[in-house]
Amino acid sequence: MRQYLAGKIRNIALAGHGGSGKTSLAEALLFKAGELDRLGKVADGNTALDFDPEEIKRQASVSSSMYPFTWGSVKINLIDTPGLFDFAGGMYEGVRAAESVVINLSAKDGVEVGTHKAYDLAGKMGKARMFFVGKMDVEHADFYKVLEELKAAFGPSVCPLVVPFVNGDKAECYINLVENKAYTYDAKGTPKETAMPDFAHRLEGLQGAISEAVAETDEALFEKYFSGEAFTRDEIIAGIHKGVKTGSITPVLCGSGVTLEGIDMLLDSIVDHLPSAYESAGEVAEDESGEPVEIVCTDEAPLAAYIFKTVADPFVGKLSYVKVVAGKLSSDVTPVNSRTGQQERLGKIIYVKGKKQEETAFLTAGDIGAITKLGETVTGDSLCDSKRVVSFQKTQFPRATLSMAVRVKKKGEEGKVAGGLSRLMEEDPSIAFEQNAETKQQLISGLGEQHLDMVVSKLKSKFGVEIDLIAPRVPYREAIRKKVKVEGKHKKQTGGHGQFGHVWIEFEPYDGEDLLFETNVFGGSVPKNYFPAVEKGLQDAIKKGVIAGYPVVGLKATLLDGSYHPVDSSEMAFKTAASLAYKAGMAQAGPVLLEPIGNVKVAVPDSNTGDVMGELNKRRGRVLGMHPVEGGLQEVEGEVPMSEMHDFTTFLRSVTQGRGHFVLTFERYEQLPAHLEDAVKEDARKMAEEE
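Just so it is clear: in the sequence shown, position 476 is 483 by the working numbering, and no numbers are missing.
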């Protein structure tokens with residue numbers, strides 16, 4: 008593939024709701040551009056961009072994939088991103104690498120939650136946006152209904168550029184409002200200009216809306232519009248291009264990825280209306296001292312690039328997807344990784360075309376490709392010329408909210424689980440893994456049930472380890488409710504030196520976490536040099552409570568009295584005496600189990616606040632309040648036992664269709680209701696048996 012300057016490169020991410028037809032649209036774009044000799048189908052598992060076995064099995068994208076192609080004199084780097092919320096990490100990395108986002112909608116289903124999420128993410132990352140209303144060939148497709156939904160949801164920037172002329176249920180032709188021409192399409196998707204249909208006042212209104220939007224982009228154009236002069240075609244294209252770049256215009260086009268209707272006009276619009284890499288790929292990075300540095304997208308500048316995606320395959324090796332912001336990236340340079348400060352040896356530089364790869368000598372500024380076998384470099388790292396070391400902003404991936412514990416099918420394969428997951432986390436930063444020392448469990452966290460199901464599947468297929476996922480154990484605590492005074496006496500005669508330690512300790516509850524140890528000994532009944540041994544004995548003892556073996560918190564222990572033997576007493580004897588006093592005291596002091604309580608903040612649409620409040624109450628929680636937050640959502644705040652929240656992600660996604668999100672943080676411990684104690688004791692017994 009020949010090289011292109013940044014002004015002739017368009018980096019485009021396809022995004023939208025799951026099932027809206029993004030991958031089919033990508034297939035149509037590649038076929039129309041001559042990259043493919045036939046149209047693949049998601050249902051048949053033969054599309055160019057859904058080639059992963061997991062994607063073929065699920066008939067849905069689970070990660071971002073890319074395919075560069077040309078249209079006219081312009082190179083388009085197309086990044087197809089997942090629409091399912093469980094795989095949102097792929098959308099984040101794809102949008103991060105692009106300058107523009109084409110948001111796909113179904114002409115039948117209209118504006119969905121995924122439409123909002125893609126639009127909001129593109130806006131948050133400062134990307135240009137364009138809507139494509141696809142599936143115009145399906146039954147009950149209604150472009151104009153969808154257009155009204157777009158205007159209602161996203162405001163006056165929404166501006167149709169291609170609209171259908173509908174007769175009955177079928178689009179008879181498509182009207183390009185910029186060119187003021189109508190086109191029909193044959194069975195192969197080849198356009199043919201036709202007479203403009205009788206669209207009367209609607210056509211005038213749509214063209215007037217374009218002129219008004221263009222007039223807003225430039226003072227000279229506004230004056231021309233105000234004076235009643237018509238814009239030339241070049242002025243309209245230039246005005247739309249400027250408006251799209253600044254966000255004041257969001258074009259709307261339509262067609263079908265199956266019949267190829269309107270695909271040529273979408274390609275033309277990508278070239279004409281969306282910003283080039285030269286215009287929009289430049290970024291503000293940070294230098295080594297943390298000061299902002301503007302990086303302009305040009306070949307003449309020192310090298311500055313960042314890794315936006317990693318594929319870690321146990322057979323092929325590591326593949327790092329790179330976006331070159333400035334300079335040229337070639338195999339004969341040795342860039343510096345700004346995170347590690349070390350130089351990085353580069354492997355082959357390639358263009359990725361779906362599952363195929365094509366070697367290239369270098370990547371120019373604004374272009375996207377991949378590097379093989381990078382050593383220490385991971386997703387989010389920046390690669391730079393040693394003369395100008397900078398760090399680009401890292402992608403803030405969505406936070407994992409569903410955690411499950413691992414149960415290996417073959418004993419002893421826990422290490423293989425950890426090793427495999429570390430590789431999968433390189434690929435997907437929205438996966439989290441923790442080895443919980445207290446509950447003795449390996450915990451995997453992800454964005455939802457399908458996300459974790461895919462992790463399980465990949466661990467088996469890529470790393471040969473089979474696991475089941477079970478509900479994670481909860482780290483309970485134990486405490487006391489009463490003050491008691493108890494004796495601990497350790498006396499052992501074995502001939503020669505014996506062992507003797509004797510203490511009286513007062514135990515009482517206090518408002519704190521760690522053991523609070525004090526002494527109130529008179530007359531030297533326990534020598535001071537044994538005080539640390541008594542405290543150490545108690546510190547060891549509180550690691551296991553008397554109810555279910557959980558650590559004890561909020562315990563104050565005061566050493567009051569005791570006795571010693573000048574020969575047989577030792578630190579070990581007093582440690583043992585302290586632990587005996589602990590066991591006796593805990594049993595008498597009204598021991599109770601404590602459960603962790605979390606603070607939860609749930610952002611949901613206004614219509615779902617009642618559902619969330621009701622659900623928190625069902626989960627033994629209490630609502631603290633509610634207030635509006637960004638995105639037109641309401642935030643419900645509450646406190647709820649952590650043991651009730653491990654599957655809250657699934658509930659929230661179901662009730663809000665994916666619009667809701669939440670943050671759960673540990674707050675404190677509270678007493679567990681008595682009727683739940685038996686189940687906790689039984690689980691603790693099983694955990695002890697496993698150890």
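Even glycine gets a Cβ: it sits at the ideal position worked out from N, Cα and C. Values in this document were obtained by computation on a predicted structure and should not be read as measured data.
* **Counted within 10 angstroms of its Cβ, other Cβ atoms place residue 544 as buried (16 or more) or exposed** => By 1-based counting over the sequence shown, the position of residue 544 is 537. The residue in question, residue 544, is buried, as its Cβ has 16 or more Cβ neighbours within 10 Å.
* Asked: Mind checking whether the beta-carbon of residue 664 lies closer than 7 Å to any heavy atom of the ligand NAD?
  -> With respect to the ligand NAD, the structure offers nothing, as it holds no ligand at all.
* Considering only residues of the same chain and omitting the five flanking positions on each side of residue 23, which have a CB-CB separation below 7 Å? -> Position 16 of the sequence shown holds residue 23. Answer for residue 23: 29, 90, 110, 111, 112, 121, 122 and 125, listed in chain order.
* **residue 517 (DSSP reduced to helix, strand or coil)** => Indexing the sequence shown from 1 puts residue 517 at position 510. DSSP places residue 517 in coil when its eight states are reduced to three.
* For residue 514 versus residue 592, is the C-beta distance shorter than 8 Å? -> Counting from 1 along the sequence shown, the entry for residue 514 is found at position 507. Counting from 1 along the sequence shown, the entry for residue 592 is found at position 585. Taking 8 Å as the Cβ cut-off, residue 514 and residue 592 qualify as a contacting pair.
* To do: Would you kindly check if the distance between the Cβ of residue 282 and the Cβ of residue 106 is under 8 Å?
  => Your numbering for residue 106 matches position 99 in the sequence shown. Your numbering for residue 282 matches position 275 in the sequence shown. Yes. Within cutoff.
* To do: Pull up the distance between the alpha-carbon of residue 33 and that of residue 264, whole angstroms please.
  => Residue mapping note: residue 33 aligns to position 26 of the sequence shown, counting from 1. Residue mapping note: residue 264 aligns to position 257 of the sequence shown, counting from 1. Spanning the two alpha carbons is a distance of roughly 8 Å.
* Asked: By Cβ distance, which residues of its chain are closer than 6 Å to residue 395, with the 5 residues on each side in sequence left out?
  -> Looking up residue 395 in the sequence shown gives position 388. 309.
* Asked: Are the stretch 340-360 and the stretch 418-426 touching by the rule of at least three beta carbon pairs closer than 8 Å?
  -> no
* Enumerate in chain order the residues of its own chain whose CB-to-CB distance from residue 145 is below 6 Å, with the five nearest sequence positions on each side excluded. => In the sequence shown, counting from the first residue as 1, residue 145 sits at position 138. Contacts found: 115.
* With contact counted as at least three CB pairs below 8 Å, one residue from each stretch, are the stretch 160-172 and the stretch 182-196 in contact? -> yes
* Meets three-Cβ-pair contact criterion under 8 Å: the stretch 464-478 and the stretch 406-416 -> yes
* **residue 258 versus 168, 384 and 532, residue with shortest Cα-Cα distance** => Locating residue 258 in the sequence shown gives position 251, counting from the first residue. For residue 258, the nearest C-alpha among the options comes from 168.
* To do: Alpha carbon to alpha carbon, how far is residue 459 from residue 278? Give it in angstroms, no decimals.
  => Taking the sequence shown and counting its residues from 1, the one referred to as residue 278 is at position 271. Taking the sequence shown and counting its residues from 1, the one referred to as residue 459 is at position 452. Their backbone Cα atoms lie some 39 Å apart in a straight line.
* Could you check which residue in 358, 631, 602 and 685 has the C-alpha nearest to that of residue 677? => As a first step, residue 677 must be located in the sequence shown, where it is residue number 670. When each option's Cα is compared against that of residue 677, the closest is 602.
* Which whole-angstrom value describes the C-beta separation of residue 564 and residue 524, a residue pair presumed to lie in contact below a C-beta threshold of 8 Å? -> By one-based count along the sequence shown, residue 564 stands at place 557. By one-based count along the sequence shown, residue 524 stands at place 517. That belief holds up - the Cβ atoms of residue 564 and residue 524 are roughly 5 Å apart, short of 8 Å.
* residue 97 versus residue 235 - alpha carbon distance -> Start at 1 with the first residue of the sequence shown, and residue 97 comes out as number 90. Start at 1 with the first residue of the sequence shown, and residue 235 comes out as number 228. So the alpha carbons of these two residues sit roughly 47 Å apart.
* To do: Would you kindly report the start and end of the unbroken beta strand (DSSP E) that includes residue 568?
  => In the sequence shown, residue 568 corresponds to position 561, counting from 1. 562-570 is the span of the beta strand (DSSP E), which, as asked, contains residue 568.
* With DSSP as the reference, please indicate the residues paired to residue 331 in a beta bridge. => Taking the first residue of the sequence shown as position 1, residue 331 is located at position 324. According to DSSP, residue 331 bridges with 312.
* Asked: In the structure shown, what three-state DSSP assignment does residue 399 receive?
  -> Walking along the sequence shown from the start, residue 399 turns up at place 392. Three-state DSSP puts residue 399 in coil, outside helix and strand.
* Nearest to residue 471 (by Cα), restricted to the options 198, 87, 428 and 402 -> Locating residue 471 in the sequence shown gives position 464, counting from the first residue. Measuring from the Cα of residue 471, the nearest candidate turns out to be 428.
* Where do the ends of the beta strand (DSSP E) carrying residue 624 lie? -> Within the sequence shown, numbered from 1, the residue matching residue 624 stands at position 617. Taken as a continuous stretch (DSSP letters only), residue 624 belongs to no beta strand (DSSP E), being part of the alpha helix (DSSP H) at 616-625.
* Beta bridge counterpart(s) of residue 658 as assigned by DSSP -> Here residue 658 corresponds to residue number 651 of the sequence shown, with the count starting at 1. In the DSSP output, where bridge partners are listed per residue, residue 658 has none listed.
* In whole angstroms, what separates the C-alpha of residue 136 from that of residue 374? -> For this step, residue 136 is matched to residue 129 along the sequence shown. For this step, residue 374 is matched to residue 367 along the sequence shown. Cα to Cα, residue 136 sits roughly 19 Å from residue 374.
* To do: Taking only runs that begin and end inside the stretch 71-148, name each unbroken beta strand (DSSP E) of 3 or more residues, in chain order.
  => 72-78, 81-87, 107-113 and 135-141
* Three or more C-beta pairs below 8 Å linking the stretch 579-588 and the stretch 629-648 -> no
* Asked: For the alpha helix (DSSP H) that contains residue 468, what are its first and last residues?
  -> Within the sequence shown, residue 468 is the residue found at index 461, counting from 1. Taken as a continuous stretch (DSSP letters only), the alpha helix (DSSP H) holding residue 468 covers 456-470.
* Name the two residues that bound the continuous beta strand (DSSP E) containing residue 16. => As a working note, residue 16 is residue 9 in the sequence shown. First-last of the beta strand (DSSP E) with residue 16: 16-23.
* Asked: If you compare alpha carbons, which of 230, 222, 410 and 262 is closest to residue 139?
  -> Locating residue 139 in the sequence shown gives position 132, where the first residue counts as 1. Among 230, 222, 410 and 262, the Cα nearest to that of residue 139 is on 262.
* Does the count of Cβ pairs from the stretch 150-159 and the stretch 127-135 closer than 8 Å reach three? -> no
* To do: Compute the Euclidean distance between the alpha carbons of residue 301 and residue 103, then round it to the nearest angstrom.
  => Walking along the sequence shown from the start, residue 301 turns up at place 294. Walking along the sequence shown from the start, residue 103 turns up at place 96. So the two alpha carbons sit approximately 17 Å from each other.
* Note down, in chain order, each residue of its chain lying with its Cβ closer than 8 Å to the Cβ of residue 597, except the 5 sequence neighbours on either side. => Your numbering for residue 597 matches position 590 in the sequence shown. So the list reads 487, 488 and 489, once near-sequence residues are dropped.
* Which of the three DSSP states, helix, strand or coil, is assigned to residue 228? -> Residue numbering aside, residue 228 sits at position 221 when the sequence shown is read from its first letter. Residue 228: helix per DSSP, three-state reduction.
* Enumerate in chain order the residues of its own chain whose CB-to-CB distance from residue 216 is below 7 Å, with the five nearest sequence positions on each side excluded. => Position 209 of the sequence shown, counting from 1, holds the residue named residue 216. Same-chain partners within the cutoff: 166.
* Looking at the unbroken alpha helix (DSSP H) that takes in residue 345, where does it start and where does it end? -> What you label residue 345 is simply residue 338 of the sequence shown in a count that begins at 1. Neither: residue 345 is in no alpha helix (DSSP H) and is coded neither H nor E.
* If you pair each beta-carbon of the stretch 613-630 with each one of the stretch 649-656, do three or more pairs fall below 8 Å? -> yes
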